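*Asks:*
Protein chains: 4
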Amino acid sequence: MEFADKQAIYLQIADKVCEFILSGEWSDNERIPSVREISVMMEVNPNTANRAYDYLQSMGVIFNKRGIGYFVAENGLEMTKQLKRSRFLEEDVPRFFRDMQLLGLNCSEVEQIFKKSNNNQ
Amino acid sequence: MEFADKQAIYLQIADKVCEFILSGEWSDNERIPSVREISVMMEVNPNTANRAYDYLQSMGVIFNKRGIGYFVAENGLEMTKQLKRSRFLEEDVPRFFRDMQLLGLNCSEVEQIFKKSNNNQ
Amino acid sequence: MEFADKQAIYLQIADKVCEFILSGEWSDNERIPSVREISVMMEVNPNTANRAYDYLQSMGVIFNKRGIGYFVAENGLEMTKQLKRSRFLEEDVPRFFRDMQLLGLNCSEVEQIFKKSNNNQ
Amino acid sequence: MEFADKQAIYLQIADKVCEFILSGEWSDNERIPSVREISVMMEVNPNTANRAYDYLQSMGVIFNKRGIGYFVAENGLEMTKQLKRSRFLEEDVPRFFRDMQLLGLNCSEVEQIFKKSNNNQ
DNA sequence: GTGGTCTAGACCACC
DNA sequence: GTGGTCTAGACCACA
Numbered sequence: 001m002e003f004a005d006k007q008a009i010y011l012q013i014a015d016k017v018c019e020f021i022l023s024g025e026w027s028d029n030e031r032i033p034s035v036r037e038i039s040v041m042m043e044v045n046p047n048t049a050n051r052a053y054d055y056l057q058s059m060g061v062i063f064n065k066r067g068i069g070y071f072v073a074e075n076g077l078e079m080t081k082q083l084k085r086s087r088f089l090e091e092d093v094p095r096f097f098r099d100m101q102l103l104g105l106n107c108s109e110v111e112q113i114f115k116k117s118n119n120n121q
Numbered sequence: 122m123e124f125a126d127k128q129a130i131y132l133q134i135a136d137k138v139c140e141f142i143l144s145g146e147w148s149d150n151e152r153i154p155s156v157r158e159i160s161v162m163m164e165v166n167p168n169t170a171n172r173a174y175d176y177l178q179s180m181g182v183i184f185n186k187r188g189i190g191y192f193v194a195e196n197g198l199e200m201t202k203q204l205k206r207s208r209f210l211e212e213d214v215p216r217f218f219r220d221m222q223l224l225g226l227n228c229s230e231v232e233q234i235f236k237k238s239n240n241n242q
Numbered sequence: 243m244e245f246a247d248k249q250a251i252y253l254q255i256a257d258k259v260c261e262f263i264l265s266g267e268w269s270d271n272e273r274i275p276s277v278r279e280i281s282v283m284m285e286v287n288p289n290t291a292n293r294a295y296d297y298l299q300s301m302g303v304i305f306n307k308r309g310i311g312y313f314v315a316e317n318g319l320e321m322t323k324q325l326k327r328s329r330f331l332e333e334d335v336p337r338f339f340r341d342m343q344l345l346g347l348n349c350s351e352v353e354q355i356f357k358k359s360n361n362n363q
Numbered sequence: 364m365e366f367a368d369k370q371a372i373y374l375q376i377a378d379k380v381c382e383f384i385l386s387g388e389w390s391d392n393e394r395i396p397s398v399r400e401i402s403v404m405m406e407v408n409p410n411t412a413n414r415a416y417d418y419l420q421s422m423g424v425i426f427n428k429r430g431i432g433y434f435v436a437e438n439g440l441e442m443t444k445q446l447k448r449s450r451f452l453e454e455d456v457p458r459f460f461r462d463m464q465l466l467g468l469n470c471s472e473v474e475q476i477f478k479k480s481n482n483n484q
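Protein chains in written order, with my numbering: chain A, 1 to 121; chain B, 122 to 242; chain C, 243 to 363; chain D, 364 to 484.
1) With C-beta atoms as the reference, is D270/C less than 7 Å away from G311/C?
2) If you run the structure through DSSP and keep just helix, strand and coil, what is R66/A?
3) Pop quiz: A14/A and A73/A are said to be a contact at Cβ under 8 Å. What is the actual Cβ separation, rounded to whole angstroms?
4) Taking F217/B as the reference, which of L204/B, T169/B and V231/B has the closest Cα?
5) Quick one, which of K186/B, G181/B and P167/B has its alpha-carbon nearest M282/B's?
6) Taking buried to mean at least 16 other C-beta atoms within 10 Å of its own C-beta, is L11/A buried or exposed?
7) At 9 Å on the CB atoms, spell out the chain D contacts of P336/C, in chain order.
8) By DSSP's criteria, F240/C is part of a beta bridge. Which residues make up the other side?
9) Run through DSSP, which three-state label would N239/B get?
10) On the criterion of 16 or more Cβ atoms from any shown chain inside 10 Å, does K115/A qualify as buried, or is it exposed?
11) Which word fits Q380/D, buried or exposed, when buried means at least 16 other C-beta atoms lie within 10 angstroms of its C-beta?
12) Give me the Cα-Cα distance between I234/B and Q101/A, rounded to the nearest whole angstrom.
13) Sorted by chain position, which residues of the same chain lie with C-beta nearer than 8 Å to K65/A's C-beta, five sequence neighbours on each side aside?
14) Whose C-beta lies closer than 6 Å to the C-beta of Q128/B among residues of the same chain, with five residues either side of it excluded?
15) Residues in the same chain with beta-carbon distance under 8 Å from C228/B, minus the five sequence neighbours each way, listed in chain order, please.
16) Out of Y55/A, E43/A, S39/A and Q57/A, state which residue places its alpha-carbon closest to the alpha-carbon of A49/A.
17) What number of angstroms, rounded off, separates the C-alpha of M162/B from the C-alpha of R31/A?
18) Find the nearest neighbour of N118/A within the set Q203/B, N166/B and V214/B, judged by alpha-carbon distance.
19) In this structure, how does DSSP classify A135/B when only helix, strand and coil are distinguished?
20) Which residues in chain B sit within 8 Å of D99/A, going by Cβ to Cβ distance?
21) Can you give me the C-alpha to C-alpha distance between E164/B and F305/C, rounded to a whole angstrom?
22) What is the DSSP secondary structure of V44/A, counted as helix, strand or coil?
23) Measuring alpha carbon to alpha carbon, tell me which residue in L105/A, N47/A, G104/A and L103/A is nearest I9/A.
24) For a test of the three-state rule: what should DSSP assign to Q370/D, helix, strand or coil?
25) Give me, in chain order, the residues of the same chain whose beta-carbon lies closer than 8 Å to that of L22/A; leave out the 5 immediate sequence neighbours on both sides.
26) DSSP three-state call for E365/D: helix, strand or coil?
27) Tell me the rounded alpha-carbon separation between S155/B and G188/B.
28) Nearest-angstrom Cα distance between L210/B and D54/A?
29) Have a look at L419/D and E333/C and give me their C-alpha separation to the nearest angstrom.
30) For V473/D, return the contacting residues in chain C, with the cut-off set at a CB-CB distance below 8 Å.
31) Quick one: does L22/A have its CB under 7 Å from some CB of chain B?
32) Pull up the distance between the alpha-carbon of R219/B and that of S86/A, whole angstroms please.
33) Should L298/C be flagged as near chain D, meaning a C-beta pair shorter than 7 Å?
Structure, rendered in structure tokens:
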């Protein structure tokens with residue numbers, strides 16, 4: 001039934017950072033907004049932004065230079081892709097197909113419904 | 122029960138109950154395990170099991186007869202299907218396709234990977 | 243010259259927890275003090291204690307059960323030993339021998355000095 | 364046990380300077396690289412290099428002549444040795460033996476491991 | 001200017 | 001009772 005909790009803000013920020021990296025907007029070794037800057041951009045407390053960066057750093061996606069700022073890791077794009085990919089294939093995909101089966105749907109039906117709803121928007 | 126999991130335990134239980142209903146294991150109007158029984162089955166605190174049933178009752182999936190026990194609702198299967206279906210199509214599916222795109226995968230690739238991993242199990 | 247910074251409090255707490263585990267005081271799967279309890283024991287803000295536990299959890303040394311508390315991980319002792327051991331052998335030991343050499347000391351001299359100073363205490 | 368924060372850059376520089384002195388590469392009263400030169404060598408901000416020299420000067424390891432440059436102190440080698448020695452014996456050595464004991468290792472084992480890893484390099 | 005840490009206090013969901 | 005998160009504000013070391 002997927003009664004998903006709303007995600008913590010710091011994880012939402014982390015997620016967005018990952019998307020920027022995945023989309024190529026931020027490249028490997030490139031400097032990213034400072035903690036304070038992103039806290040303004042995202043309209044959250046600097047501590048919360050800091051926590052997001054802390055988390056991403058522990059994941060190896062970004063790193064910081066003392067007194068300078070945060071940077072996308074050397075292999076940040078690859079890192080991010082791997083993290084998201086493994087999570088997607090190991091968690092989201094199996095659940096997706098399981099739910100599909102439970103609901104008595106098949107792949108092409110879902111795809112059609114999805115495309116139709118996209119057109120309506 | 123996955124205590125370290127992200128999802129609340131009572132929601133994990135509710136999820137399983139729904140699956141039993143969807144899979145036909147528990148039919149409309151059929152009696153389901155008591156709070157105490159299911160708390161033993163799932164190895165959780167009875168309060169937690171109680172909360173799961175509370176939640177399902179509030180959603181109209183099950184109901185109880187005082188002093189007797191809990192039962193799948195008159196239209197429990199339909200109810201469950203609708204809940205899951207709407208959630209699936211409105212939240213899971215869009216996220217699924219979005220992630221797929223971000224990772225540079227397409228539908229058939231994902232399906233292949235999934236089926237392959239299933240065979241290996 | 244080893245101008246070491248004083249360590250962050252939350253890391254000092256994490257360190258102490260590791261020592262309790264290494265010394266066998268806290269065994270695998272055993273419950274450890276709650277965040278609030280240890281914050282009182284250590285005389286720090288609960289947030290700081292929480293951060294220490296968070297860190298240890300991310301290292302796989304401890305885990306928590308929702309609403310219940312924190313526990314030493316399944317393989318917590320082994321985990322802790324490995325972490326400490328690798329850090330010791332890869333960082334502390336090389337530096338130790340390098341410093342020893344720079345100071346023109348040898349192993350047995352150092353050991354003697356250490357033992358003598360211990361006796362004096 | 365990733366408890367070791369990365370050391371401040373200016374302290375890392377100071378450390379290297381001390382090693383040059385201890386190893387005899389730079390002798391008492393000998394001129395050492397200018398702040399600007401060393402900032403280039405170490406690829407750091409000149410301010411940072413300056414801070415390292417400041418620190419070493421305050422410790423009596425080096426001194427400067429206005430408009431000319433920095434020099435190893437009259438008794439720079441002895442000074443450095445003493446500083447390092449006291450720190451080594453009073454802090455590093457006790458910690459070393461304590462960690463060794465916690466990990467269930469003894470002196471000769473550690474020495475063997477260290478030498479073996481050195482040969483492999 | 002940068003990040004890092006700590007405190008205080010609050011609210012929440014959960015067991 | 002438990003942990004998790006967020007805010008606000010402060011101070012520090014560092015570049």
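Cβ coordinates follow ideal geometry from the N, Cα and C atoms, glycine included.
These numbers come from a predicted model, not from an experiment.
*Replies:* Based on what the coordinates show:
1) As a first step, residue 270/C must be located in the third sequence, where it is residue number 28. As a first step, residue 311/C must be located in the third sequence, where it is residue number 69. No Cβ-Cβ contact shorter than 7 Å links D270/C with G311/C.
2) Locating residue 66/A in the first sequence gives position 66, where the first residue counts as 1. In the structure shown, R66/A sits in coil (DSSP, three-state: anything other than H, G, I, E or B).
3) Position 14 of the first sequence, counting from 1, holds the residue named residue 14/A. Position 73 of the first sequence, counting from 1, holds the residue named residue 73/A. No, A14/A and A73/A are not in contact; Cβ-Cβ is about 14 Å, not under 8 Å.
4) Sequence index remark: in the second sequence, residue 217/B carries index 96 (1-based). Of the candidates L204/B, T169/B and V231/B, the one whose C-alpha sits nearest the C-alpha of F217/B is V231/B.
5) Shown here, chain B extends from 122 to 242; a query on residue 282/B therefore has no answer.
6) For this step, residue 11/A is matched to residue 11 along the first sequence. The C-beta of L11/A has fewer than 16 other C-beta atoms within 10 Å across all chains shown, which makes the residue exposed.
7) On the third sequence, residue 336/C is found 94 positions in, with the first residue counted as 1. Simply F477, S480 and N481.
8) Coverage of chain C is limited to positions 243 through 363, which leaves residue 240/C absent and any answer about it impossible.
9) Sequence index remark: in the second sequence, residue 239/B carries index 118 (1-based). In the structure shown, N239/B sits in a helix (DSSP, three-state: H, G or I).
10) As a working note, residue 115/A is residue 115 in the first sequence. Per the 10 Å Cβ criterion, exposed.
11) Taking the first residue of the fourth sequence as 1, we reach residue 380/D at position 17. Before going on, a small fix: residue 380/D reads as Val here, not Gln. By the neighbour-count rule (16 or more Cβ atoms within 10 Å), V380/D is buried.
12) Taking the second sequence and counting its residues from 1, the one referred to as residue 234/B is at position 113. Taking the first sequence and counting its residues from 1, the one referred to as residue 101/A is at position 101. So the two alpha carbons sit approximately 17 Å from each other.
13) Your numbering for residue 65/A matches position 65 in the first sequence. Around K65/A: F71.
14) Translated into positions along the second sequence, residue 128/B becomes position 7. Excluding positions up to five away in sequence, the list is empty.
15) In the second sequence, the residue the question calls residue 228/B occupies position 107. Same-chain partners within the cutoff: M221.
16) Against the first sequence, residue 49/A aligns to sequence position 49. Selected option, being the one with the closest Cα: S39/A.
17) Counting from one through the second sequence, the residue named residue 162/B turns up at place 41. Counting from one through the first sequence, the residue named residue 31/A turns up at place 31. Roughly 52 Å between the two C-alpha positions.
18) What you label residue 118/A is simply residue 118 of the first sequence in a count that begins at 1. Nearest in C-alpha terms to N118/A, of all of Q203/B, N166/B and V214/B, is V214/B.
19) Indexing the second sequence from 1 puts residue 135/B at position 14. A135/B carries a helical assignment under DSSP once its states are collapsed to helix, strand and coil.
20) If you number the first sequence from 1, residue 99/A lands on position 99. Under the 8 Å cutoff, chain B gives K205, F209 and D213.
21) Position 43 of the second sequence, counted from the start, is the residue given in the question as residue 164/B. Position 63 of the third sequence, counted from the start, is the residue given in the question as residue 305/C. So the alpha carbons of these two residues sit roughly 18 Å apart.
22) For this step, residue 44/A is matched to residue 44 along the first sequence. Under the three-state reduction of DSSP, V44/A is assigned to coil, being neither helix nor strand.
23) Reading the first sequence from its first residue, position 9 is the one you call residue 9/A. Of L105/A, N47/A, G104/A and L103/A, the smallest CA-CA separation from I9/A is found for N47/A.
24) In the fourth sequence, the residue the question calls residue 370/D occupies position 7. In the structure shown, Q370/D falls within a coil segment according to DSSP collapsed to helix, strand and coil.
25) Stepping through the first sequence from its first residue, residue 22/A is reached at position 22. Within the same chain, L22/A has close Cβ partners L77, T80, K81 and K84.
26) Counted from its first residue, the fourth sequence places residue 365/D at position 2. Below a pLDDT of 50, predicted positions are generally treated as unreliable, and E365/D, at 35, falls in that range; the measurement from the model is reported next regardless. DSSP places E365/D in coil when its eight states are reduced to three.
27) Here residue 155/B corresponds to residue number 34 of the second sequence, with the count starting at 1. Here residue 188/B corresponds to residue number 67 of the second sequence, with the count starting at 1. Their Cα atoms are separated by approximately 11 Å.
28) Your numbering for residue 210/B matches position 89 in the second sequence. Your numbering for residue 54/A matches position 54 in the first sequence. So the alpha carbons of these two residues sit roughly 34 Å apart.
29) For the purposes of this step, residue 419/D is identified with residue 56 of the fourth sequence, where counting begins at 1. For the purposes of this step, residue 333/C is identified with residue 91 of the third sequence, where counting begins at 1. Straight-line spacing of the CA atoms in L419/D and E333/C works out to 24 Å.
30) Counted from its first residue, the fourth sequence places residue 473/D at position 110. Within 8 Å Cβ-Cβ: L331 and V335.
31) If you number the first sequence from 1, residue 22/A lands on position 22. With 7 Å as the cut-off, L22/A counts as an interface residue toward chain B.
32) Counted from its first residue, the second sequence places residue 219/B at position 98. Counted from its first residue, the first sequence places residue 86/A at position 86. So the two alpha carbons sit approximately 15 Å from each other.
33) Residue 298/C sits at position 56 when you count from the first residue of the third sequence. By this cut-off, L298/C is not an interface position.
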